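>
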Amino acid sequence: MDCKIGVIAGDGIGPEITAQAVKVLDAVAAKYGHDFNYTNMLMGGCSIDKYGEPLTQETIDTALKQDAVLMGSIGGDAATSPWYKLPADKRPEAGLLGIRKALRLFANLRPAYLYNELKAACPLRDEVIGEGFDLIIVRELTGGLYFGKRETGEKDGLRFATDALTYNEEEIRRIAIKAFEVARKRRKKVCSVDKANVLDSSRLWRAVVEEVAKDYPDVALSHMLVDNCAMQLVKDPGQFDVVLTENMFGDILSDEASMCTGSIGMLSSASLNDTKFGLYEPSGGSAPDIAGKDIANPIATILSAAMMLRYSFDLEKEADAIENAVKKALSEGYRTGDIMDTTGNNEGFVKVGCSKMGDIISERV
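Using this note's numbering, you'd call the opening residue of the sequence shown number 1314 and step up by one each time.
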């Protein structure tokens, strides 16, 4: 298969972790006889440095010509980077919001799976972990608070700021359908997370999700308030299968879920539109404090590449090969620093850097 893959390396550790994912993809291409053609694009802080804006029309046009886009990390240190002295719409993260909108990426899928080999790195107690957990957060990506009307000003001598949280029923319906379709391929459970006891937008969310559920009688639907969900993720993560939620809640809960896996460096992500096109990225940030030190964990980006093969190219056995290679590397004791045993009991583990981990996983594809 010939595949056109756009690559946005981004900022901070982005170029390092993206390079490892490409390395693994090349190993897949060599083994299975595919031709992966890469086109590099700029977005985020590096785009600001070159073009004065985080997302150019050229990058959007180039992305639209690809079959899928693989991305690293966007942004920098908000306290020290000159990027964060710019207006909000000129900062790195504005590029991320902009490309999601331009590419119509309304559905974000973030799996959180606890590898048996990483139980020691999980911050939860053994009795909480139990037999482990395997959940996926389906997050609405182009509506809600992040895309609502906003205003900053001064009134009666006091500064004020307003961010509007707006959803229409079609935005809710299409992401709910995506969640139920995902659940049908898993354990057939959807937990819809909202704040319906307070927010009108959540009450509409709950009503529309219940309407969609009628078309999926084989899938069990439950509802949970977002504050309770935040508690339940660290109390009993194994109870969840598919978690469906809106943009801001999903942003927060997916990061929490990632830490339950032992490291945010393990959490992959897919952002999909209504075609086979998707943008694939790790859920972690750009970690500028460790950029260039060859210590970042590339596994989330490598697993994101596996998701790309599965969702955009229907290459199931190739995606399985990457995921199995990751499991094999972990079972053989290879670890980046963030997933070493937090108790200090690291006998039998081999600490490796970012590039070396990419080599190890590539060799096991």
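Every residue gets a Cβ at the ideal spot worked out from N, C-alpha and C, and that includes glycine.
Here the structure is a predicted model, which means the values were calculated and not measured.
1. The alpha helix (DSSP H) that contains Tyr1345, what's its start and end?
2. Would a C-beta distance cut-off of 9 Å place Ala1609 and Ile1321 closer than the cut-off?
3. Three-state secondary structure (DSSP) at Thr1369?
4. If you count every other CB in all the chains shown that lies within 10 Å of the CB of Gln1333, and 16 or more means buried, which is it?
5. Below 8 Å, how does it come out for the stretch 1424 to 1439 and the stretch 1531 to 1540: are there three or more Cβ pairs, yes or no?
6. What separation, rounded to the nearest whole angstrom, lies between the Cα atoms of Val1382 and Gly1470?
7. Going by Cα to Cα distance, which pick from Asn1481, Lys1378, Leu1458 and Arg1487 is closest to Phe1562?
8. If I follow the unbroken beta strand (DSSP E) through Leu1448, where does it start and stop?
9. Contact between the stretch 1577 to 1595 and the stretch 1610 to 1627: three or more CB pairs below 8 Å?
10. Which partner residues of Val1525 appear in the DSSP bridge assignment?
11. On the three-state DSSP scale, how would you describe Ala1381?
12. Does Asn1353 come out as helix, strand or coil in the three-state DSSP assignment?
13. Kindly identify the DSSP beta-bridge partner or partners of Cys1435.
14. Leaving out the 5 sequence neighbours to the left and right, which residues in its chain are closer than 6 Å to Ala1474 when beta-carbon positions are compared?
15. What runs of the alpha helix (DSSP H), each 4 residues or longer, lie entirely inside the stretch 1557 to 1605?
16. Just checking, does the stretch 1347 to 1365 make contact with the stretch 1390 to 1409 on the three C-beta pairs under 8 Å criterion?
17. Go ahead and pull the three-state DSSP assignment for Ser1360.
18. For Phe1493, write down the residues that DSSP places opposite it in a beta bridge.
19. In the structure shown, what three-state DSSP assignment does Lys1508 receive?
20. Using a threshold of 9 Å, state whether the C-beta atoms of Asp1348 and Ala1342 are closer than that.
21. What distance in whole Å lies between the Cβ atoms of Lys1498 and Ala1420, which are believed to be in contact at a cut-off of 8 Å?
22. Which first and last residues belong to the beta strand (DSSP E) in which Lys1468 is found?
23. Have a look at Arg1519, Pro1400, Asp1513 and Lys1501 and flag the residue whose alpha-carbon is nearest the alpha-carbon of Ile1485.
24. How close, in whole Å, do the beta carbons of Ser1625 and Gly1591 come, if the pair is a contact with beta carbons under 8 Å?
25. If you drop the 5 nearest sequence neighbours on each side, which residues of the same chain put their C-beta closer than 8 Å to that of Glu1636?
26. Here's the rule I'm using: 16 or more other beta-carbon atoms within 10 Å means buried, otherwise exposed. How should Ala1391 be labelled?
27. Taking 8 Å as the line, does the beta carbon of Glu1559 fall inside it for any heavy atom of the ligand ADP?
28. In terms of residues, what are the limits of the alpha helix (DSSP H) holding Gly1411?
29. Count the other CB atoms, across all protein chains shown, that sit within 10 Å of the CB of Met1544; report buried if there are 16 or more and exposed otherwise.
30. So the candidates are Tyr1593, Lys1501 and Asp1564; which of them puts its Cα closest to the Cα of Phe1553?
31. Could you tell me which residues DSSP pairs with Ile1473 in its beta bridges?
32. When you compare each of Glu1631, Leu1427, Glu1482 and Ala1376 to Ser1515 by their alpha carbons, which one comes out closest?
33. Report the rounded CA-to-CA distance for Ala1600 versus Gly1389, giving the unit in angstroms.
34. If Lys1664 and Arg1648 are in contact, beta carbons under 8 Å, what's the gap, nearest whole angstrom?
Quick look at the numbers:
1. As a position in the sequence shown, residue 1345 is number 32, starting the count at 1. For Tyr1345, the uninterrupted alpha helix (DSSP H) run begins and ends at Gly1327 to Tyr1345, by DSSP.
2. Taking the sequence shown and counting its residues from 1, one reaches residue 1609 at position 296. Taking the sequence shown and counting its residues from 1, one reaches residue 1321 at position 8. Not a contact, by the Cβ cut-off of 9 Å.
3. In the sequence shown, residue 1369 corresponds to position 56, counting from 1. Coil, per DSSP.
4. In the sequence shown, the residue the question calls residue 1333 occupies position 20. Label assigned to Gln1333: buried.
5. No, because fewer than three Cβ pairs between the stretch 1424 to 1439 and the stretch 1531 to 1540 fall closer than 8 Å, the two stretches do not touch.
6. As a position in the sequence shown, residue 1382 is number 69, starting the count at 1. As a position in the sequence shown, residue 1470 is number 157, starting the count at 1. Approximately 47 Å between the Cα atoms of the pair.
7. Here residue 1562 is taken as the residue at index 249 of the sequence shown, counted from 1. Comparing Cα-Cα distances from Phe1562 to each of Asn1481, Lys1378, Leu1458 and Arg1487, the minimum goes to Leu1458.
8. The residue you call residue 1448 lines up with position 135 of the sequence shown. Run containing Leu1448: Asp1447 to Glu1453, per the beta strand (DSSP E) assignment.
9. In this structure the stretch 1577 to 1595 touches the stretch 1610 to 1627; the number of beta carbon pairs closer than 8 Å is three or more.
10. Taking the sequence shown and counting its residues from 1, the one referred to as residue 1525 is at position 212. DSSP lists no partner for Val1525.
11. The sequence position of residue 1381 within the sequence shown is 68, counting from 1. Note: Ala1381 maps to strand in three-state DSSP.
12. By one-based count along the sequence shown, residue 1353 stands at place 40. Asn1353 falls in the strand class under three-state DSSP.
13. Along the sequence shown, read from residue 1 onward, the residue named residue 1435 stands at position 122. Partner(s): none; Cys1435 has no beta bridge.
14. Here residue 1474 corresponds to residue number 161 of the sequence shown, with the count starting at 1. Around Ala1474, the same chain offers Thr1465 as residues with beta carbons nearer than 6 Å, after the five sequence neighbours per side are excluded.
15. Unbroken alpha helix (DSSP H) runs of no fewer than 4 residues, entirely contained in the stretch 1557 to 1605, are found at 1560 to 1573, following chain order.
16. In short, these stretches touch, since the Cβ pair count reaches three.
17. By 1-based counting over the sequence shown, the position of residue 1360 is 47. The answer is helix: DSSP assigns Ser1360 an H, G or I state.
18. One-based indexing of the sequence shown puts residue 1493 at position 180. In the DSSP output, where bridge partners are listed per residue, Phe1493 has none listed.
19. On the sequence shown, residue 1508 is found 195 positions in, with the first residue counted as 1. DSSP places Lys1508 in coil when its eight states are reduced to three.
20. Residue 1348 sits at position 35 when you count from the first residue of the sequence shown. Residue 1342 sits at position 29 when you count from the first residue of the sequence shown. Contact: yes.
21. Taking the first residue of the sequence shown as 1, we reach residue 1420 at position 107. Taking the first residue of the sequence shown as 1, we reach residue 1498 at position 185. About 14 Å separates the Cβ atoms of Ala1420 and Lys1498, ruling out a contact at the 8 Å cut-off.
22. Here residue 1468 refers to the residue found at position 155 of the sequence shown. Element bounds for Lys1468: Arg1463 to Lys1468.
23. Residue mapping note: residue 1485 aligns to position 172 of the sequence shown, counting from 1. Ranked by how close their Cα comes to the Cα of Ile1485, the residues Arg1519, Pro1400, Asp1513 and Lys1501 have Arg1519 in first place.
24. The count along the sequence shown starts at 1 and reaches residue 1625 at position 312. The count along the sequence shown starts at 1 and reaches residue 1591 at position 278. Correct: roughly 5 Å between the Cβ atoms.
25. Numbered from 1 along the sequence shown, position 323 holds the residue referred to as residue 1636. Contacts found: Leu1616 and Ala1619.
26. Along the sequence shown, read from residue 1 onward, the residue named residue 1391 stands at position 78. Burial call: exposed.
27. Ligands are entirely absent from the displayed structure, and the ligand ADP is therefore not among its contents.
28. Here residue 1411 is taken as the residue at index 98 of the sequence shown, counted from 1. Per DSSP, Gly1411 is one residue of the alpha helix (DSSP H) stretching across Pro1405 to Ala1415.
29. Numbered from 1 along the sequence shown, position 231 holds the residue referred to as residue 1544. It is exposed - the Cβ of Met1544 has fewer than 16 other Cβ atoms within 10 Å.
30. Start at 1 with the first residue of the sequence shown, and residue 1553 comes out as number 240. Taking only the C-alpha atoms, the option nearest Phe1553 is Lys1501.
31. Walking along the sequence shown from the start, residue 1473 turns up at place 160. Before going further, note that residue 1473 is Phe rather than Ile in the sequence given. Paired residues: Gly1466.
32. For the purposes of this step, residue 1515 is taken as the residue at position 202 of the sequence shown. If we check each option's Cα against that of Ser1515, Glu1482 comes out closest.
33. For the purposes of this step, residue 1600 is taken as the residue at position 287 of the sequence shown. For the purposes of this step, residue 1389 is taken as the residue at position 76 of the sequence shown. Answer to the nearest angstrom: the Cα atoms are 7 Å apart.
34. In the sequence shown, counting from the first residue as 1, residue 1664 sits at position 351. In the sequence shown, counting from the first residue as 1, residue 1648 sits at position 335. By a beta-carbon distance limit of 8 Å, Lys1664 contacts Arg1648. Their separation comes to about 6 Å.
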